[in-house]
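Trainee: Chains as they are written, first to last, in the numbering used here: chain P, 85 to 463; chain Y, 115 to 489. In this text, a Cβ means the ideal position worked out from N, Cα and C, and glycines have one as well. Quick one: structure below, then a few questions.
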């Protein structure tokens, strides 16, 4: 990255109504009321945010893996651009693939093995598919203990059994010591779409309710603490779990579900932003209504992280019509994984594209996509 | 959660807001500066402005440690990190601050080893684990973080570590406040004083603001009710035409500061003759450097540091934003060319920066929000 990107960025920015905003310039310009001027700037930003994203960096940085803005930009500008086709574009799949590079490989509540199975099962399930078969590809580092590999594979077997899927094909590669970090896994999965409902975050409509299936942020905070770099201990487990059972129950009770997502990298905040952007609607979430375990809140406070951005590996975010909200929450709570399900917000017409939060303090603020990566390699 | 929820109580906030509104003289406009970036972050994160009447404007001050680091210092740090055998350690906030050739993250993608640490002491751990490398800690911050850098140096000296050094960029808050008070651009009615800085330096150093400039100061804590109460205390002073230094954050801030911390800073560091602040220019005696006694731990003495002054991009108006002359959205590149993902100015990088706080949390028309929230 060189200075030139700054010039380029400046060239792209639209001319404004109030150049030369030094104190001098401001006094000379006839100005609109402050509220109007601020609104003009907000509108200009809104237009800037709707432009096609562009990767400005010359090299991949850790931010590109965060699940936040940089990840979205990378996917839209590099991958979607190259592979563009009608099935890929909505980013809602019935054939999915995901790679797992979590560090450490073993953590309270799970390991890279069950994470790799559950993650792909969940990707299929939230698309409304019944997951059936998985592939598993391993990249192993020279010197990786076979006992650890067995442990990982056994945990994959157990997770597959629990989710009712089979691992039907696989691949193994070994790279020299230092060229990988122990063990990486890729899983791909196929499922069948049981119903012709058109699920997708673009289906969200004003008046819809947004529901999470349980406390958020457990996985991310667990991984962070498991790395032992922070000298903080808490009685926390990853929430890694297969969501297909929970989702089947929800779809039976509420066939009119509009969209589902599992809140992985980027957390619940990222999904709310995807809803607002894809459906061009506003989202109003209520901080008090969002379930967060005290341990997760405490650790987040200490570390200056917002739990809304912390990854989960077994939590569902669902958008349902407002009148079906109670039915949906009841259906989720009937399943062990959804006992603390709650409505956390509403879709609305106002402020399209923007997620707003009513804070517990009683104020309002925006919840934007995450920039940068507070915590790499969580899944 | 104990010790957090008590300070975020919406009922108490409503009660305070009513008392604040009652103190506003009709037709008078109030401009209060929160000096510290931590306060700016709290104000936006909790939507505190929703509780304030239109006549009170909060002006965001220069107290964001990342925001005041000039581009040239970032370039110097990357130059240090590029020396063979160097591992640099840095607080996470610094990682995305753009130098003229990119940020620490970009430098890492090109091969430097700049590691994020949560405490400077973690640098010593890395130094012990890598005896064949030189570990350089990128020290930034006001008096808040200077003691932890000082304590780390003292511990390294006690342990006899020879492969640890500090690239010292610590700055001091009082000269910056004075620069703002002397700036002709801005008329302020009072200051919400920095809380964490004051845990170290105490409240006494602010007395000149009340005595010589006639402005009230209330040292404030970082929870939203702390700030709201401090605004109330400022408004009481203004309504009684008083100008005094008061301490709202007395549960943490001793009037005379933390003598142990001050002693550690004094032992290891001394004032620089001058230091460049981003957007504010050179301010004399506004920063700290490593004392001669600890020269073996001073990266600026151990390595050749280019020290080239890099001018800010022309369009960047960080200086005006840091001084509170411009609101973030009044900068002409705000939100279009300069965004948190590709920041041009430092104020857009740190979560404590006024531009980042406004972009991430406050980018909306509050009047309209209030109407929507009520309906």
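1) Give, in chain order, every unbroken run of the beta strand (DSSP E) that is at least 3 residues long and sits entirely within the segment 344-389 of chain Y.
2) Can you give me the C-alpha to C-alpha distance between residue 144/Y and residue 210/Y, rounded to a whole angstrom?
3) Note down the Cα distance separating residue 248/P from residue 430/P, rounded to an integer number of angstroms.
4) Using three-state DSSP, classify residue 426/P as helix, strand or coil.
5) Could you name the residues of the same chain whose beta carbon sits closer than 6 Å to that of residue 311/Y, not counting the 5 residues immediately before and after it, in chain order?
6) So that I know if they touch, is there some Cβ in chain Y lying closer than 8 Å to that of residue 338/P?
7) So residue 323/P and residue 397/P are in contact, right, with Cβ under 8 Å, and what is the actual spacing, rounded?
8) So, does the CB of residue 474/Y fall closer than 8 Å to a CB anywhere in chain P?
9) Touching or not, the segment 295-315 of chain Y and the segment 269-284 of chain Y, by the rule of three or more beta carbon pairs under 8 Å?
10) Which residues in chain Y have a C-beta closer than 7 Å to the C-beta of residue 385/P? List them in chain order.
11) Go through its chain and collect everything with a Cβ distance to residue 214/Y's Cβ below 6 Å, but skip five positions before and after it.
12) Counting contacts by CB-CB distance shorter than 8 Å, is residue 103/P in contact with chain Y?
13) Identify, in the order they occur along the chain, each residue of the same chain with its Cβ nearer than 8 Å to the Cβ of residue 377/P, setting aside the five sequence neighbours on each side.
14) Between residue 162/P and residue 145/P, what straight-line distance do the alpha-carbon atoms span, to the nearest angstrom?
15) Do we get a CB-CB distance below 8 Å when we pair residue 346/P with the residues of chain Y?
16) Between which two residues does the beta strand (DSSP E) harbouring residue 250/P extend?
17) Below 8 Å, can you find three or more Cβ-Cβ pairs linking the segment 395-410 of chain P to the segment 332-349 of chain P?
18) Within the continuous alpha helix (DSSP H) that includes residue 414/P, where are the two ends?
19) Can you tell me whether residue 31/P is helix, strand or coil according to DSSP?
20) Anyone know if the C-beta pair for residue 404/P and residue 414/P falls short of 8 Å?
21) Extract the residue ranges of the beta strand (DSSP E) inside the segment 339-387 of chain P, only unbroken runs of 3 or more that lie entirely within it.
22) Quick one: any contact between the segment 186-199 of chain P and the segment 237-251 of chain P, if contact means 3 or more CB pairs under 8 Å?
23) Listed from N- to C-terminal order along the chain, which residues in the segment 184-209 of chain Y have their beta-carbon within a distance smaller than 9 Å of any beta-carbon of chain P?
24) Going by C-alpha distance, which of 308/P, 440/P and 455/P is nearest residue 187/P?
25) Within the chosen definition, does the segment 262-281 of chain P reach the segment 208-224 of chain P through at least 3 CB pairs nearer than 8 Å?
26) Based on the DSSP output, what are the partners of residue 448/P in its beta bridges?
27) Using a Cβ-Cβ cut-off of less than 8 Å, list which residues of the segment 148-164 of chain Y approach chain P; keep chain order.
28) Run through DSSP, which three-state label would residue 491/Y get?
29) So, does the CB of residue 141/P fall closer than 8 Å to a CB anywhere in chain Y?
30) Determine the DSSP secondary structure at residue 551/Y, reduced to helix, strand or coil.
31) Is it a yes or a no for the segment 446-459 of chain Y touching the segment 164-176 of chain Y, going by three-plus beta-carbon pairs under 8 Å?
32) Name the residue from 157/P, 449/P, 158/P and 416/P whose alpha carbon lies nearest to the alpha carbon of residue 328/P.
33) What separation, rounded to the nearest whole angstrom, lies between the Cα atoms of residue 355/Y and residue 133/Y?
34) Where does residue 231/P land, buried or exposed, given buried means 16+ other C-beta within 10 angstroms?
35) Which residues bound the beta strand (DSSP E) around residue 261/Y?
36) Taking 8 Å as the cut-off, does the segment 175-182 of chain Y touch the segment 149-158 of chain Y (at least 3 CB pairs, one atom from each stretch)?
Mentor: Based on what the coordinates show:
1) 359-361 and 383-385
2) The count along the second chain starts at 1 and reaches residue 144/Y at position 30. The count along the second chain starts at 1 and reaches residue 210/Y at position 96. So the two alpha carbons sit approximately 35 Å from each other.
3) Residue numbering aside, residue 248/P sits at position 164 when the first chain is read from its first letter. Residue numbering aside, residue 430/P sits at position 346 when the first chain is read from its first letter. For residue 248/P and residue 430/P, the distance between alpha carbons rounds to 34 Å.
4) For the purposes of this step, residue 426/P is taken as residue 342 along the first chain, with counting starting at 1. Note: residue 426/P maps to strand in three-state DSSP.
5) In the second chain, residue 311/Y corresponds to position 197, counting from 1. 256, 257, 258 and 287.
6) For this step, residue 338/P is matched to residue 254 along the first chain. No, residue 338/P lies away from the interface with chain Y (no Cβ there is under 8 Å from its Cβ).
7) In the first chain, residue 323/P corresponds to position 239, counting from 1. In the first chain, residue 397/P corresponds to position 313, counting from 1. With a Cβ gap of about 6 Å, residue 323/P and residue 397/P count as contacting.
8) Here residue 474/Y corresponds to residue number 360 of the second chain, with the count starting at 1. So, interface residue.
9) no
10) Here residue 385/P corresponds to residue number 301 of the first chain, with the count starting at 1. Near residue 385/P (Cβ distances below 7 Å), the residues of chain Y are 118.
11) In the second chain, the residue the question calls residue 214/Y occupies position 100. Excluding positions up to five away in sequence, the list reads 185, 189 and 424.
12) The residue you call residue 103/P lines up with position 19 of the first chain. Only weak support exists for where residue 103/P lies, its pLDDT of 38 falling under 50; the value from the coordinates is given anyway. Interface residue, yes.
13) Looking up residue 377/P in the first chain gives position 293. The residues are 299, 301, 302 and 320.
14) Within the first chain, residue 162/P is the residue found at index 78, counting from 1. Within the first chain, residue 145/P is the residue found at index 61, counting from 1. When rounded, the distance between both Cα atoms is 15 Å.
15) For this step, residue 346/P is matched to residue 262 along the first chain. Not one chain Y Cβ lies under 8 Å of residue 346/P.
16) As a position in the first chain, residue 250/P is number 166, starting the count at 1. 250-259 is the extent of the beta strand (DSSP E) around residue 250/P.
17) yes
18) The residue you call residue 414/P lines up with position 330 of the first chain. Note, residue 414/P: alpha helix (DSSP H), 409-417.
19) Because chain P here runs from 85 to 463, residue 31/P falls outside it and cannot be looked at.
20) Your numbering for residue 404/P matches position 320 in the first chain. Your numbering for residue 414/P matches position 330 in the first chain. Taking 8 Å as the Cβ cut-off, residue 404/P and residue 414/P do not qualify as a contacting pair.
21) 343-346 and 366-370
22) yes
23) 206 and 209
24) The residue given as residue 187/P occupies position 103 in the first chain. The residue with the shortest Cα to Cα distance from residue 187/P is 308/P.
25) yes
26) As a working note, residue 448/P is residue 364 in the first chain. Its beta-bridge partners are 442/P.
27) 158, 159, 160, 161, 162, 163 and 164
28) Here chain Y has residues from 115 to 489 only, and residue 491/Y is not among them.
29) Position 57 of the first chain, counting from 1, holds the residue named residue 141/P. It does; some Cβ of chain Y falls within 8 Å.
30) What the structure shows of chain Y is the stretch from 115 to 489, and residue 551/Y is not part of that stretch, so it cannot be assessed.
31) no
32) Translated into the one-based positions of the first chain, residue 328/P becomes position 244. Residue 328/P has its Cα closest to that of 416/P, out of 157/P, 449/P, 158/P and 416/P.
33) Walking along the second chain from the start, residue 355/Y turns up at place 241. Walking along the second chain from the start, residue 133/Y turns up at place 19. C-alpha separation (whole angstroms): 17 Å.
34) In the first chain, residue 231/P corresponds to position 147, counting from 1. It counts as exposed.
35) Here residue 261/Y is taken as the residue at index 147 of the second chain, counted from 1. No beta strand (DSSP E) contains residue 261/Y, which is instead part of the alpha helix (DSSP H) from 260-273.
36) yes
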